[in-house]
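Sequential numbering of the sequence shown, starting at 58, is according to the working numbering.
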Amino acid sequence: MKITLKVWRQAGPQDKGRMVDYELVGLSEDMSFLEMLDVLNEELFARGEDPVAVDSDCREGICGACGVVINGVAHGPERTTTCQLHMRSFADGDTVTVEPWRADAFPVIKDLVVDRSAFDRIIAAGGYISVNTGAAPDAHATPVPKADADRAFEAAACISCGACVAACPNASAMLFTAAKVTHLGLLPQGQPEREARVVNMLDQHDAEGFGGCTNIGECAAVCPKEIPLDVINWLNADLRTALTHGG
Ligand code: SF4
Ligand code: FES
Numbered sequence: 058m059k060i061t062l063k064v065w066r067q068a069g070p071q072d073k074g075r076m077v078d079y080e081l082v083g084l085s086e087d088m089s090f091l092e093m094l095d096v097l098n099e100e101l102f103a104r105g106e107d108p109v110a111v112d113s114d115c116r117e118g119i120c121g122a123c124g125v126v127i128n129g130v131a132h133g134p135e136r137t138t139t140c141q142l143h144m145r146s147f148a149d150g151d152t153v154t155v156e157p158w159r160a161d162a163f164p165v166i167k168d169l170v171v172d173r174s175a176f177d178r179i180i181a182a183g184g185y186i187s188v189n190t191g192a193a194p195d196a197h198a199t200p201v202p203k204a205d206a207d208r209a210f211e212a213a214a215c216i217s218c219g220a221c222v223a224a225c226p227n228a229s230a231m232l233f234t235a236a237k238v239t240h241l242g243l244l245p246q247g248q249p250e251r252e253a254r255v256v257n258m259l260d261q262h263d264a265e266g267f268g269g270c271t272n273i274g275e276c277a278a279v280c281p282k283e284i285p286l287d288v289i290n291w292l293n294a295d296l297r298t299a300l301t302h303g304g
């Protein structure tokens with residue numbers, strides 16, 4: 058395959074950044090998108106040029122590190138992570154644009170790499186449960202109804218990739234935050250902090266500069282883990298309860 062890449066290059070947080078064109082030939086359609094970027098970087102390295110900075114870790118769709126905007130869509134044309142996207146999703150001769158997540162709360166560090174530590178601070182504000190130390194409890198010591206376990210598991214599939222923020226016109230992280238609130242709020246272990254959790258996580262969400270949710274739904278449309286939009290209903294219900302109780 059031959060591909061023309063238009064890649065966002067930005068030397069550092071203060072650099073203005075620009076799109077730079079690269080021609081790649083001899084690509085296999087079985088390459089992942091990240092392997093294609095590896096080929097580009099090997100060529101740049103061989104020419105003595107600065108390789109394109111791009112984040113990745115697991116390369117199997119579970120760590121959430123690798124997201125970029127491809128042809129204007131977070132994670133590109135398939136509903137999966139960037140590392141699980143393959144070149145067969147593009148046609149020979151295509152021009153493909155590659156940009157970092159765009160959101161004030163995700164400042165660009167270099168090229169395609171953004172700082173997603175705002176997510177860590179939202180988690181630190183409430184994405185935990187109280188746990189007793191000592192021996193591990195017996196399995197099934199705390200029964201969980203099957204429907205709740207399934208729903209909690211569905212929400213827990215969020216890998217904190219940030220695509221929801223990148224896709225949202227408001228740069229809101231509500232789908233991410235609501236996935237965490239729903240996951241923990243459905244389980245018995247999540248009840249002690251439940252009301253404080255939703256208030257504190259939303260306060261941190263806003264403090265980080267993410268926008269408000271206006272129910273557009275772009276977030277759920279690009280989420281590689283198919284987190285459903287209605288987790289935001291769950292978050293809103295929890296917030297109403299917490300505020301009613303003076304949270
Ligand atoms: S809700 Fe989906 S898109 Fe958003 S961070 Fe979690 S996995 Fe990524
Ligand atoms: S590198 Fe881990 S999800 Fe893509």
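Quick reminder that beta carbons are idealized off the backbone N, C-alpha and C, glycines included.
Name the residue from the options whose alpha carbon lies nearest to the alpha carbon of residue i.
| i | options | result |
| --- | --- | --- |
| Ala-294 | Thr-239, Gly-184 and Pro-281 | Thr-239 |
| Arg-254 | Gly-183, Ala-223 and Met-144 | Gly-183 |
| Glu-211 | Ala-277, Gly-268, Pro-157 and Leu-94 | Ala-277 |
| Arg-145 | Asp-260, Ile-60 and Asn-257 | Ile-60 |
| Gly-266 | Gly-124, Ala-175, Asn-189 and Val-279 | Ala-175 |
| Ala-198 | Ala-204, Leu-244 and Ala-160 | Leu-244 |
| Ser-113 | Gly-105, Pro-157 and Glu-135 | Pro-157 |
| Glu-283 | Arg-66, Lys-63, Glu-135 and Thr-298 | Glu-135 |
| Gly-305 | Ala-192, Gly-269, Tyr-185 and Phe-147 | No answer is possible for residue 305: the residues shown for the chain start at 58 and end at 304. |
| Asn-227 | Gly-269, Leu-97, Asp-172 and Val-155 | Gly-269 |
| Asp-260 | Ser-229, Leu-241 and Asn-290 | Ser-229 |
| Gly-121 | Cys-218, Glu-86 and Arg-159 | Cys-218 |
| Lys-237 | Cys-225, Val-256 and Met-76 | Val-256 |
| Asp-205 | Val-125, Leu-101 and Val-288 | Val-288 |
With respect to the alpha helix (DSSP H) encompassing residue i, which residues constitute its N-terminal and C-terminal limits?
| i | result |
| --- | --- |
| Arg-297 | 288–301 |
| Lys-63 | Lys-63 -> not in any alpha helix (DSSP H); beta strand (DSSP E) instead, spanning 60–66. |
| Lys-203 | 203–213 |
| Val-238 | 231–242 |
| Val-255 | 251–264 |
| Asp-177 | 174–183 |
| Val-165 | Element bounds for Val-165: not the alpha helix (DSSP H) but the beta strand (DSSP E), 165–167. |
Output the boundary residues of the beta strand (DSSP E) element that contains residue i.
| i | result |
| --- | --- |
| Met-144 | Here Met-144 belongs to no beta strand (DSSP E), and DSSP marks it neither H nor E. |
| Val-155 | 152–156 |
| Asp-149 | Run containing Asp-149: none; DSSP gives neither H nor E here. |
| Leu-81 | 75–81 |
Can you list, in chain order, the residues of its chain whose CB lies under 6 Å from that of residue i, leaving out five sequence neighbours each side?
| i | result |
| --- | --- |
| Phe-90 | Thr-139 and Leu-142 |
| Asp-95 | none |
How many whole angstroms separate the CB atoms of residue i and residue j, which I take to be in contact at a CB cut-off of 8 Å?
| i | j | result |
| --- | --- | --- |
| Leu-296 | Thr-234 | Contact flag wrong, Cβ pair sits at about 11 Å. |
| Leu-81 | Leu-62 | 6 Å |
| Val-279 | Ala-220 | 5 Å |
| Glu-250 | Ser-187 | 7 Å |
Looking only at its chain, what residues have a beta carbon closer than 7 Å to the beta carbon of residue i, apart from the 5 residues adjacent to it on each side?
| i | result |
| --- | --- |
| Gly-274 | Leu-286 |
| Thr-298 | Glu-252 |
| Glu-69 | The sequence given here places Gly at residue 69; Glu does not occur at that position. Closer than 7 Å at the Cβ level, and outside the excluded window around Gly-69, lie Lys-167. |
| Asp-172 | Phe-163, Pro-164 and Ile-166 |
On the three-pair Cβ rule with 8 Å, is the segment 97–108 touching the segment 116–133? no
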